[in-house]
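Enquirer: One structure follows; several queries about it will come next.
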Amino acid sequence: MSERFAPDNLEATLGRVLGIGVTLSTIALGAGLASALALGDSLLTMTLLTAGVVMLIATPVARVVISCLAYLRRRDWTFVVLTLIVLGELLASIVAAIRSRT
Amino acid sequence: MPVVSFALAAIIFVSGAAAGSVGALLGIGGGVFLVPLLNVALGLPLRNAAAISLTTVIATSSSVSAGRSGEHLINLRLGMLLEVATVAGSLLGGLTAHLFSEITLQRLFGIVTAVAAFAVLTRVHRRNVVRDESIDPGLLGGRYYEDESGGLVTYRVKRLPVGLLASFVAGNVSSLLGIGGGVLKVPALNAWCGIPMRVAAATSAFMIGVTATGGAIIYLGRGDLPPLAAAPAVLGVQLGSWAGLRLAHRLPAKWLKILLVVVLLLVAALMFVRSTR
Chain A
8 MSERFAPDNL
18 EATLGRVLGI
28 GVTLSTIALG
38 AGLASALALG
48 DSLLTMTLLT
58 AGVVMLIATP
68 VARVVISCLA
78 YLRRRDWTFV
88 VLTLIVLGEL
98 LASIVAAIRS
108 RT
Chain B
118 MPVVSFALAA
128 IIFVSGAAAG
138 SVGALLGIGG
148 GVFLVPLLNV
158 ALGLPLRNAA
168 AISLTTVIAT
178 SSSVSAGRSG
188 EHLINLRLGM
198 LLEVATVAGS
208 LLGGLTAHLF
218 SEITLQRLFG
228 IVTAVAAFAV
238 LTRVHRRNVV
248 RDESIDPGLL
258 GGRYYEDESG
268 GLVTYRVKRL
278 PVGLLASFVA
288 GNVSSLLGIG
298 GGVLKVPALN
308 AWCGIPMRVA
318 AATSAFMIGV
328 TATGGAIIYL
338 GRGDLPPLAA
348 APAVLGVQLG
358 SWAGLRLAHR
368 LPAKWLKILL
378 VVVLLLVAAL
388 MFVRSTR
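One line per chain: the protein sequences are A and B, in this order.
Position in the first sequence (from 1) plus 7 gives the number in my numbering.
Position in the second sequence (from 1) plus 117 gives the number in my numbering.
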């Protein structure tokens, strides 16, 4: 078996990143929902819900960043470039989103 | 921003649970059903429906991929290569998506999914895996342990351009239709690219999060994503993906493919009905 197919711990690392992101976001959104039911449209409700949504959307971005760093450490340049292209597009979306606000 | 009523929250929760389980079984985030449900059936504006749908797709992708890590079903190299095509598609989305009218787009989507359903149906009994460790999986292929085959199985990637095209189109229509595009990626990978059904589903589930993120960021920035609607979506997804991952282990690949055919035919019918409205 070549090295490529040796047990790949990148999958486990990325799984952990995605798991932590989606769990934190679920906790914040769940608490926000509870706060919305109990307190209505309060500052606490909006803070929790906004934090939850931002963490949810940031999770796939974090996954691409960590993949890129992992390929960089392995000096797997093809995949460093591929993940950088993906990251560049996600950053372009953030720039477009900020522009559309102003 | 629309007010999120209790009834709407309950419907989003159930839809999230459905999306999570279909995502775990088939690698499809369910956006293709959720958008018409929210938009046509519940009268939510399209931009809000698409934003909520993309959020559900992201939650499904993260939740399913996290729950699946350690099974070696996600083909990371293939996924990250296809993500580049998806990204290029969504970057060009603003330019190319307006080449067709909405009705033409729906008809094209209907035809594509109907053809995909037929292609998967003809291959229900054919497996893309071989139990031969001497076969070189190549640069993008892989090996994994499968209970159903009783050992380590190998697969090779064929017709890569078809997978790249499906990923490009998925990204292209993603923010417009509010979908992650798993409904295009999974049949393309399984029926044409030589990818085993379980790997196609796991790799698609992994990719749709990134496909949906670009659009979700834009909708969030424009204030089209009601944060309260994201809460029941994510809670539903967590429940659905938990159940779906447990069921996915027990179902043979043949049944996963039959389920995929049913879903694709439903999508095709839905698109044709919407295009005649």
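Even glycine gets a Cβ: it sits at the ideal position worked out from N, Cα and C.
Here the structure is a predicted model, which means the values were calculated and not measured.
Counting C-beta neighbours from all protein chains within 10 Å, is the total for Ile175 of chain B 16 or more, i.e. buried, or is it exposed?
Expert: With 16 or more other Cβ atoms within 10 Å, it is buried.
Enquirer: Find the nearest neighbour of Ile34 of chain A within the set A:Asp48, A:Leu55, A:Leu17 and A:Ile101, judged by alpha-carbon distance.
Expert: Closest option to Ile34 of chain A, Cα to Cα, is A:Leu55.
Enquirer: Go through its chain and collect everything with a Cβ distance to Glu10 of chain A's Cβ below 6 Å, but skip five positions before and after it.
Expert: Caution is warranted here: a pLDDT of 42 is assigned to Glu10 of chain A, below 50, making its placement in the model unreliable, and the coordinate value is therefore given only provisionally. Result list for Glu10 of chain A: empty, nothing under 6 Å.
Enquirer: How about Gly144 of chain B and Ala322 of chain B: are their beta carbons less than 8 Å apart?
Expert: Closer than 8 Å, so yes.
Enquirer: With 9 Å as the C-beta to C-beta threshold (strictly closer), list the residues of the region 96-107 of chain A near chain B in chain order.
Expert: Flagged, chain order: Glu96, Leu97, Ala99, Ser100, Ile101, Ala103, Ala104, Ile105, Arg106 and Ser107.
Enquirer: To which residues of the same chain is Ala83 of chain B closer than 6 Å at the C-beta, ignoring the five residues directly before and after it?
Expert: Absent from the model: residue 83 of chain B. The displayed extent of chain B is 118 to 394, so no value can be given.
Enquirer: Take Gly297 of chain B as the anchor and find which of B:Glu263, B:Leu352 and B:Val204 has the nearest alpha-carbon.
Expert: Out of B:Glu263, B:Leu352 and B:Val204, B:Val204 has the C-alpha closest to the C-alpha of Gly297 of chain B.
Enquirer: Helix, strand or coil: which one does DSSP assign to Val232 of chain B?
Expert: Val232 of chain B falls in the helix class under three-state DSSP.
Enquirer: Buried or exposed, going by whether 16 or more other CB atoms sit within 10 Å of the CB of Ile312 of chain B?
Expert: With 16 or more other Cβ atoms within 10 Å, it is buried.
Enquirer: Express the C-alpha separation of Leu225 of chain B and Leu301 of chain B in angstroms, rounding to a whole number.
Expert: Their backbone Cα atoms lie some 12 Å apart in a straight line.
Enquirer: Can you grab the Cα-Cα spacing for the pair Ala202 of chain B / Leu44 of chain A, in whole Å?
Expert: Their backbone Cα atoms lie some 42 Å apart in a straight line.
Enquirer: Just the chain B side, please: which residues come within less than 7 Å of Ser32 of chain A by C-beta, in chain order?
Expert: Within 7 Å Cβ-Cβ: Val351.
Enquirer: Using the Cα positions of Leu161 of chain B and Leu155 of chain B, report the straight-line distance between them to the nearest angstrom.
Expert: Cα to Cα, the separation comes out at about 6 Å.
Enquirer: Go to Gly259 of chain B, then tell me how far its beta strand (DSSP E) extends in each direction, as first and last residue.
Expert: Note, Gly259 of chain B: beta strand (DSSP E), Gly259 to Glu263.
Enquirer: Examine chain A for any beta-carbon lying closer than 8 Å to the beta-carbon of Glu263 of chain B, and answer yes or no.
Expert: Judged by the 8 Å Cβ criterion, Glu263 of chain B is not in contact with chain A.
Enquirer: Can you pull the chain A residues whose beta carbon is under 8 Å from the beta carbon of Thr172 of chain B, in chain order?
Expert: Neighbours of Thr172 of chain B on chain A, chain order: Val60, Leu63 and Ile64.
Enquirer: Just to confirm the assignment, what range does the beta strand (DSSP E) spanning Gly268 of chain B have?
Expert: Run containing Gly268 of chain B: Gly268 to Tyr272, per the beta strand (DSSP E) assignment.
Enquirer: Do Leu21 of chain A and Val351 of chain B come within 8 Å of each other at the CB atom, strictly closer than that value?
Expert: In this structure, Leu21 of chain A does not lie closer than 8 Å to Val351 of chain B by Cβ.
Enquirer: Restricting to Cα atoms, I'd like to know which of B:Val379, B:Glu188 and B:Lys374 is closest to Asn16 of chain A.
Expert: For Asn16 of chain A, the nearest C-alpha among the options comes from B:Glu188.
Enquirer: Classify Trp372 of chain B: buried if its beta carbon has 16 or more other beta carbons within 10 angstroms, exposed otherwise.
Expert: That one is exposed.
Enquirer: Roughly how many angstroms lie between the CA atoms of Leu25 of chain A and Ser180 of chain B, to the nearest whole one?
Expert: Going by the C-alpha atoms only, they are around 7 Å apart.
Enquirer: Would you mind telling me which residues of chain A sit closer than 7 Å to Gln355 of chain B, beta carbon to beta carbon, in chain order?
Expert: Result: Thr33.
Enquirer: Which two residues bound the contiguous alpha helix (DSSP H) that contains Cys75 of chain A?
Expert: Residues Leu50 to Arg80.
Enquirer: State yes or no: is the C-beta of Ala167 of chain B within less than 8 Å of the C-beta of Gly353 of chain B?
Expert: No, the pair does not count as a contact, with Cβ atoms beyond the cut-off.
Enquirer: Would you call the region 335-343 of chain B and the region 362-370 of chain B touching, i.e. three or more CB-CB distances under 8 Å?
Expert: Flag = no, the region 335-343 of chain B and the region 362-370 of chain B do not touch.
Enquirer: What residues in the region 322-347 of chain B have a beta carbon less than 7 Å from any beta carbon of chain A?
Expert: Here the close residues are Gly326, Val327, Thr330, Gly331, Ala333, Ile334, Ile335, Leu337, Gly338, Arg339, Leu342, Pro344, Leu345 and Ala347.
Enquirer: Starting from Ile312 of chain B, trace the alpha helix (DSSP H) in both directions and tell me its first and last residue.
Expert: Premise fails: Ile312 of chain B is in no alpha helix (DSSP H) and is neither H nor E.
Enquirer: Which same chain residues, not among the five before or five after Ser266 of chain B, have their C-beta less than 7 Å away from its C-beta?
Expert: So the list reads Val246 and Arg248, once near-sequence residues are dropped.
Enquirer: Counting only beta-carbon atoms, is Val68 of chain A nearer than 8 Å to chain B?
Expert: Yes, its Cβ sits closer than 8 Å to a Cβ of chain B.
Enquirer: What does Val29 of chain A reach in chain B if we use C-beta pairs closer than 7 Å?
Expert: Under the 7 Å cutoff, chain B gives Ala176, Ser179, Ser180 and Ala183.
Enquirer: Since Ala158 of chain B is in the alpha helix (DSSP H), which residue starts that stretch and which ends it?
Expert: No alpha helix (DSSP H) holds Ala158 of chain B; DSSP gives it neither H nor E.
Enquirer: Could you check the C-alpha separation between Ala347 of chain B and Ala41 of chain A for me, to the nearest Å?
Expert: Computed Cα separation, rounded: 13 Å.
Enquirer: Against chain B, does Ser74 of chain A count as a neighbour if the rule is that its beta carbon must be under 8 Å from one of theirs?
Expert: Yes, because at least one Cβ of chain B sits closer than 8 Å to the Cβ of Ser74 of chain A.
Enquirer: Which first and last residues belong to the alpha helix (DSSP H) in which Thr33 of chain A is found?
Expert: Here the alpha helix (DSSP H) through Thr33 of chain A covers Asn16 to Leu46.
Enquirer: Does the Cβ of Pro349 of chain B have 16 or more other Cβ atoms within 10 Å, making it buried, or fewer, making it exposed?
Expert: That one is buried.
Enquirer: Check the Cβ-Cβ distances between Arg194 of chain B and every residue of chain A, and say whether any is below 8 Å.
Expert: Arg194 of chain B counts as touching chain A.
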